[in-house]
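Numbering-wise, this note's numbering comes out as the position in the sequence shown, counting from 1, plus 1.
C-beta atoms are modelled at their ideal positions from N, C-alpha and C, and glycine is treated no differently.
Below is one structure, written out as structure tokens; the observations come after it.
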Amino acid sequence: MEETILNIFVIIDNDEVSAFKAASHSKNGDDREKIEYLKKNVKSDIEKAYYFDAPRDSNNRLMPYKKFSKLERQEKQYFLFEEIFKKFDAPESPLI
2 MEETILNIFV
12 IIDNDEVSAF
22 KAASHSKNGD
32 DREKIEYLKK
42 NVKSDIEKAY
52 YFDAPRDSNN
62 RLMPYKKFSK
72 LERQEKQYFL
82 FEEIFKKFDA
92 PESPLI
């Protein structure tokens with residue numbers, strides 16, 4: 002079944018998450034094949050990827066990478082990618 006898959010890049014500057022970039026593909030195959038495809042396309046995808054602003058707190062500060070890393074360990078970083086998922090009309094649980 003053809004599915005939307007995403008390469009999402011977290012841009013880190015001075016230990017802060019300064020932006021996200023994302024590239025979308027429609028692919029058939031199993032998850033392993035899709036992951037290999039995403040890996041193979043990292044270099045070209047980061048060049049053509051769409052830019053997304055990083056989240057900011059109520060004081061307009063960027064998120065420290067340590068906080069992002071903590072969310073990642075808890076598998077909660079996906080909440081930060083909602084704008085990306087909407088932009089690419091991704092399924093509820095996209096392969097990224």
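{"Check": "Taking just the CA atoms, how far does K71 sit from A24?", "Outcome": "24 Å"}
{"Check": "According to DSSP, is S70 part of a helix, a strand, or is it coil?", "Outcome": "helix"}
{"Check": "Three-state secondary structure (DSSP) at F10?", "Outcome": "strand"}
{"Check": "Taking all protein chains shown into account, do 16 or more other C-beta atoms lie within 10 angstroms of the C-beta of F21, making it buried, or fewer, making it exposed?", "Outcome": "buried"}
{"Check": "Ignore the nearest five residues each way along the sequence and tell me which others in S27's own chain have a CB closer than 8 Å to its CB.", "Outcome": "E3, E4, T5, I6"}
{"Check": "Beta-carbon separation of V18 and F82 under 7 Å?", "Outcome": "no"}
{"Check": "Locate the beta strand (DSSP E) running through D54, then write down its first and last residues.", "Outcome": "51 to 54"}
{"Check": "Taking the C-alpha atoms as reference points, what is the distance between D58 and S45?", "Outcome": "32 Å"}
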